[in-house]
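**Q** Residue numbers (our numbering): 559 to 986.
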């Protein structure tokens, strides 16, 4: 029978600082005749706790590290090493944070690099070379299609004459437009700039519409997928209101004052289409008060806010600027995009409320001054007038606010857009 021995192991934290470097070789250990020639060096950055281990000989070098792709972030094991002292016959137990995986590298590989790196090539040639070497099948196919779609004017008979003809037609169209503008006494550069800004920020608008309900067509920026999602949510709200009061339901969801007030004004039985717009309005206010820049995916943002994913993607596409970088998108909301969201929000509220709206509630929900909200309403072609709070009507329901005067926006035809401001001389 074998003889049993009692062994006592004692760990001291001081041993860890002098722990040996434990390494394994990815492609197996070097041949026995090369092991004696290996010289090990350890480079360390104490501030970042980064360590680089290099074992090199005359022809071959190995390297391992505790950071980057050579690190042990994928390793969930703890290691300990026992160092045996022959003199004292004691074993010193040390904790080892990582087993370094030594990867083979050919020494002086940089000497064999071709100096011709394509610096004299144009951008298209450089991109073609990169795609051919590192590109996937999809990127190679896209590169091929991109090159096939390039039109070489030298291969087209009469290309120069065609180009000259197009330039003449463009010049003639510009002259005709300038002549028409000169004959139009109402045209001005300021008015044209204001119209361009209005077209960029306002919802699709028909300035010659015969009735207010035809001025802003909501279906032109709310597609079928958005409406289907809103219809599902609106039907759930209507079903919940069968057993719960509007005020109690709105308080349970922490709704803003404007959608709550509009929901109170809807007569029973509830119209699904109008309830869709109320739900959409509540989502818009929640999105308006979100923080930007947004460095989250649409799915994560949808889950946090409780807004359907199709609505979130619709908002991000319509009311934000997207920047791609670091492998994920970042959503920015400039002042112009914030104004665009505010204008669309007021249009939806006007549509629900019969094209009249108390701007005080809008300002409270958006945390904007009344001057800003009035400016938004005027940009939409509304008339802004003062009214007593008890005469402010939401779909026939009297306002429950105080007796103070409020600012009320009314959308009527013909539209009343503000006159463009002409720039004056600079003050000195």
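Where is the CB? At the ideal position from N, CA and C, for every residue including glycine.
Can the beta-carbon of residue 933 be found closer than 8 Å to that of residue 966?
**A** Against a cut-off of 8 Å, the Cβ pair of residue 966 and residue 933 comes out as no contact.
**Q** Entirely within the segment 822-891 and at least 3 residues each: give me those beta strand (DSSP E) ranges in chain order.
**A** Those beta strand (DSSP E) runs which fall completely within the segment 822-891 and span 3+ residues are 879-883, 886-890.
**Q** For the structure I just gave you, are there three or more beta carbon pairs, one from the segment 883-903 and one from the segment 795-811, closer than 8 Å?
**A** As far as the Cβ criterion goes, the segment 883-903 does not touch the segment 795-811, which means the pair count is below three.
**Q** Apart from the five residues just before and just after residue 624, which ones in its own chain have a Cβ nearer than 6 Å to its Cβ?
**A** Closer than 6 Å at the Cβ level, and outside the excluded window around residue 624, lie 609, 656.
**Q** Between 938, 617, 876, 658, which lies nearest to residue 595 when the distance is taken from Cα to Cα?
**A** For the residues 938, 617, 876, 658, the minimum Cα distance to residue 595 belongs to 617.
**Q** Would you tell me roughly how many angstroms separate the C-alpha atoms of residue 648 and residue 692, rounded to the nearest one?
**A** Rounded to whole angstroms, residue 648 to residue 692 spans 55 Å at the Cα level.
**Q** Determine the burial state of residue 832: buried for a count of at least 16 other Cβ atoms within 10 Å of its Cβ, exposed for fewer.
**A** Buried: at least 16 other Cβ atoms inside 10 Å.
**Q** Per DSSP, what kind of secondary structure is residue 922 in: helix, strand or coil?
**A** Helix, per DSSP.
**Q** When we look at the beta-carbon of residue 642 and count the other beta-carbons within 10 Å, is it buried (16 or more) or exposed?
**A** Residue 642 is exposed by the Cβ-count criterion.
**Q** Taking the C-alpha atoms as reference points, what is the distance between residue 943 and residue 768?
**A** Rounded to whole angstroms, residue 943 to residue 768 spans 22 Å at the Cα level.
**Q** Quick one: residues in its chain with C-beta nearer than 7 Å to the C-beta of residue 835, no 5 flanking neighbours on either side, listed in chain order?
**A** Here the set comprises 906, 909, 910.
**Q** Is it buried or exposed for residue 592, if we count other Cβ within 10 angstroms and need 16 for buried?
**A** Residue 592 should be labelled exposed.
**Q** Could you tell me whether the segment 769-786 touches the segment 864-878, where touching means 3 or more Cβ pairs closer than 8 Å?
**A** Taking 8 Å as the limit for Cβ pairs, the verdict is that the segment 864-878 does touch the segment 769-786.
**Q** Is it the case that the Cβ atoms of residue 662 and residue 627 are separated by a distance below 8 Å?
**A** It is not a contact, given that the beta carbons lie outside the stated cut-off.
**Q** Taking only runs that begin and end inside the segment 602-660, name each unbroken beta strand (DSSP E) of 3 or more residues, in chain order.
**A** Qualifying beta strand (DSSP E) stretches, in chain order: 608-614, 618-623, 637-643, 648-654.
**Q** Can you pull the DSSP bridge partners for residue 943?
**A** In DSSP, residue 943 forms a bridge with 966.
**Q** Starting from residue 798, follow the alpha helix (DSSP H) in both directions and report where the run begins and ends.
**A** 782-798 is the span of the alpha helix (DSSP H), which, as asked, contains residue 798.
**Q** Would you be able to state if there are at least three C-beta pairs under 8 Å between the segment 807-822 and the segment 909-924?
**A** Touching, per the Cβ criterion.
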